[in-house]
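Student: Quick note on numbering: my numbering labels position 112 of the sequence shown as 140, and the sequence is numbered without any gaps. Dropping a structure here in structure tokens format, bear with me for questions.
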Amino acid sequence: MVREQQRDNVLIIGQTPKVMQLVNIVKQDIAVFHVPIWERAKDLLSQQITLIVADQYALDSAGKTPSELPEAFSQVLWIFLLETHKKPVPDLAAYQNVYHVANFPWNPEDIANLMRRALEYHHLRITQQQLQDELTQLKAHALSDPTHLISDQPLAETQQGAMSYEFQKTPENIVSSEKIMTLGTMIAGIVHEINTPSGAINAAIVNMSHHLMLLMEGLHELDRQGLTGEDARHIMQLVAKMLDRLNVPQRVSPGEVRIEQRKISEILQQRDMEDSRKIAKDIARMGLGENTEDILALAQTYTLEGVLQFFINCSRVINSARDIQLSIDVLTRIIQAVKSYSYPEQEQPELADIHESIATALVLLNNKLKHHIRVEYQPGDVPPVRCYPSELSHVWINIIHNAIQAIEGEGLILIETFATPEYVGIKITDNGQGIPPDIQSKIFEINFTTKPRGEGTGLGLYIARQIVKKHQGTITVASRPGQTIFEVHLSRNLSSD
């Protein structure tokens, strides 16, 4: 059983009005210690502190840099609240206990939400370790009593005639614990990865609120200058054109902006306009290059600065909306992948696209992929097959994760799918260090692992083979230094009877 979590204590260091506002927000539901300066914090570090939030002034008064603190207090999660006018800090991504670095201007409500997510992340890490310990105990118990090992004959006919795993006097929780622990390992990274889109959403909301206010001010200014109904309709047509860009999945690339900027600059230079390059860049970024003459016509009645600023604020509100939309798409993909993988075992197979189970695996493993590893996915023309999708995702996760760990330096993981009249094939190739010939015949055996104690369970590839057999398929490996190929063949005629 996973043990009950201890109480979380949070330490906030700082004395600015925004820090005090943050303290007042979080103390409603979090146990908070607050001190104004670092010197006063030293006495509290003997407490069971889970998370420390420190602002720039607290760090400056202590003569500390953000990079010194995670090393000195590695068991504590950190959130840093920095100022933009300070010199750049070292890259903190290398420190696993740095949960977030917020630059000015930061919002106390946003930081409070980050603190709550940091505590959830902390709980996930503890749960993951507890699951690891419990799985180790289960394996030790199974090894001490061989009659309790999972049968090497994993397929059997049930009374209903369906194919299922067979266990000999053994708890199914060995398999369940392996899958739960794998999910726990991935979620710890996924929660950290979620910070990027959630941070983008927070920033976009702040920007949107700010520019909406400026937009209203600009509209009032145009009205004060005598904005006519006809000009108002003309402006709204241009705004509608900008809104159409929300249907475009990505922002316009910098290269496209530069090409459009040069065209607009030529028009402005012909009119001997000052700051033609800056104006051209603003119009290009808004996607209104084809409407340059319309903007200049409006500027003859109203000020060019006022007209441009109105459209710029519109553009920034629209860009913020797109950033929110894209970030939500990322979050949705992550959540859907977790739900798909953690879906309870199905009693009956379903007709599904094999590529969706591979996509689930890649989303969940995205945090594990190192920057120097490239994944190349070459899906073939593969028809839907009867299968257990969440179980197949577990197969791909084990194979791809092993490939990631086998690669040192620059690497490539190639995933290919193909079909024959009898089976659907999935081929996963990596250019890692390879599997030594003397252990290639053992890698699918239960409890066999080459990983250090505490890192490998010895069940991953064994369970992968059992799942493939459940699909009336085969899994093979061919390996040499610089190339390892796992190939899975799944029956296209899996019966649900």
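Heads up, the beta-carbon is just placed ideally off N, CA and C, and yes, glycines get one too.
Among the residues of its own chain, which have a CB less than 6 Å from the CB of I467, if the five just before and after it don't count?
Tutor: Within the same chain, I467 has no close Cβ partners at all.
Student: Apart from the five residues just before and just after Q406, which ones in its own chain have a Cβ nearer than 6 Å to its Cβ?
Tutor: Excluding positions up to five away in sequence, the list reads E444.
Student: Given a cut-off of 7 Å on the beta-carbon distance, is the pair T78 and D36 in contact?
Tutor: Yes. Within cutoff.
Student: Can you check whether the CB of N426 is closer than 7 Å to the CB of A492?
Tutor: Cβ distance < 7 Å, so A492 and N426 count as in contact.
Student: At what residue ranges does the region 424–510 contain a whole run of the alpha helix (DSSP H), taking only runs of 4 or more?
Tutor: Complete alpha helix (DSSP H) runs here, min 4: 488–498.
Student: According to DSSP, which residues form a beta bridge with C415?
Tutor: In the DSSP output, where bridge partners are listed per residue, C415 has E378.
Student: Just reading off the alpha helix (DSSP H) that W66 is part of, what are its end residues?
Tutor: Counting along the chain, the alpha helix (DSSP H) containing W66 begins and ends at 66–69.
Student: Who are the near neighbours of M301 in its chain, counting only those whose CB is closer than 7 Å to its CB and skipping five residues on each side?
Tutor: Closer than 7 Å at Cβ, skipping near neighbours: I307.
Student: Are there 16 or more other CB atoms within 10 angstroms of the CB of M244, so buried, or fewer, so exposed?
Tutor: Exposed is the call here.
Student: Counting Cβ pairs, one atom from each stretch, are 3 or more of them under 8 Å apart for the region 131–148 and the region 86–98?
Tutor: The region 131–148 vs the region 86–98: no contact.
Student: DSSP puts Y405 in a beta bridge; with which residues?
Tutor: According to DSSP, Y405 bridges with I443.
Student: On the DSSP letters alone, give me the boundaries of the beta strand (DSSP E) that D272 sits inside.
Tutor: Taken as a continuous stretch (DSSP letters only), D272 belongs to no beta strand (DSSP E), as it is neither H nor E.
Student: Who pairs with F527 in a beta bridge, going by DSSP?
Tutor: Here the chain covers residues 29 to 525 and nothing more, so residue 527 does not appear.
Student: Between Q56 and V38, what straight-line distance do the alpha-carbon atoms span, to the nearest angstrom?
Tutor: Rounded to whole angstroms, Q56 to V38 spans 13 Å at the Cα level.
Student: Measure from the alpha carbon of D322 to the alpha carbon of each residue in A260, I107, Y85, then state which is nearest.
Tutor: Ranking the options by Cα distance to D322, first place goes to A260.
Student: Drop a sphere of 10 angstroms on the beta-carbon of D357, count the other beta-carbons inside from all chains shown, and report buried for 16 or more, exposed for fewer.
Tutor: It is exposed - the Cβ of D357 has fewer than 16 other Cβ atoms within 10 Å.
Student: What does DSSP give as the partner residues of V366 in its beta bridges?
Tutor: Per DSSP, none; premise fails for V366.
Student: Quick one: give me the first and last residue of the beta strand (DSSP E) that D83 is part of.
Tutor: That run of the beta strand (DSSP E) goes 77–83.
Student: Does the beta-carbon distance from A228 to S355 come in below 7 Å?
Tutor: Their beta carbons are under 7 Å apart, which means A228 touches S355 by this criterion.
Student: Can you tell me where the beta strand (DSSP E) holding V47 begins and where it ends?
Tutor: No beta strand (DSSP E) contains V47, which is instead part of the alpha helix (DSSP H) from 45–54.
Student: Beta-carbon separation of A146 and L87 under 7 Å?
Tutor: It is not a contact, given that the beta carbons lie outside the stated cut-off.
Student: At 4 residues or longer, and completely inside the region 229–308: list those alpha helix (DSSP H) runs for me, N to C.
Tutor: Here the runs fully enclosed are 257–271, 282–298.
Student: Using 8 Å for Cβ pairs, my map puts Y490 next to E515. What's the rounded Cβ distance?
Tutor: Wrong, their Cβ atoms sit about 18 Å apart, outside the cutoff.
Student: How far does the alpha helix (DSSP H) with I323 in it extend, from its first residue to its last?
Tutor: 320–329 is the span of the alpha helix (DSSP H), which, as asked, contains I323.
Student: Kindly indicate which three-state DSSP category V129 falls into: helix, strand or coil?
Tutor: V129 falls in the strand class under three-state DSSP.
Student: With a cut-off of 8 Å on the beta carbons, I'd call Y369 and L392 a contact; round off their distance for me.
Tutor: Indeed, because the Cβ distance is near 6 Å, the residues count as touching under 8 Å.
Student: From the DSSP output, in three-state form, read off N135 for me.
Tutor: Coil.
Student: By the 10 Å Cβ neighbour count, where 16 or more other Cβ atoms means buried, how is M143 classified, buried or exposed?
Tutor: M143 should be labelled buried.
Student: Can you give me the start and stop residues for the alpha helix (DSSP H) that L97 sits inside?
Tutor: First-last of the alpha helix (DSSP H) with L97: 96–100.
Student: What's the gap between the Cα of V532 and the Cα of S89?
Tutor: Look at the range of the chain in this structure, 29 to 525, and you will see that residue 532 is not part of it.
Student: Take the Cβ of E148 as the centre, count every other Cβ of all protein chains shown within 10 Å, and call the residue buried at 16 or more, exposed below.
Tutor: Looking at its Cβ environment, which holds fewer than 16 other Cβ atoms inside 10 Å, E148 is exposed.
Student: Would V403 pass as a contact of I441 if the rule is Cβ separation under 7 Å?
Tutor: Against a cut-off of 7 Å, the Cβ pair of I441 and V403 comes out as a contact.
Student: Would you report the Cα separation of D173 and H422, rounded to the nearest angstrom?
Tutor: A caution first: D173 carries a pLDDT of 49, below 50, which makes its placement in the model too unreliable to give a value.
Student: Pick from N521, V219, M236: whose alpha carbon is nearest that of A359?
Tutor: What sits at residue 359 in the sequence shown is Leu, not Ala. Nearest C-alpha to L359: V219.
Student: On the three-pair Cβ rule with 8 Å, is the region 262–274 touching the region 283–302?
Tutor: Touching, no.
Student: For a test of your reading of the model: does the CB of Y416 fall under 6 Å from any non-hydrogen atom of the ligand NAD? Yes or no.
Tutor: The model depicted lacks the ligand NAD and carries no ligand whatsoever.
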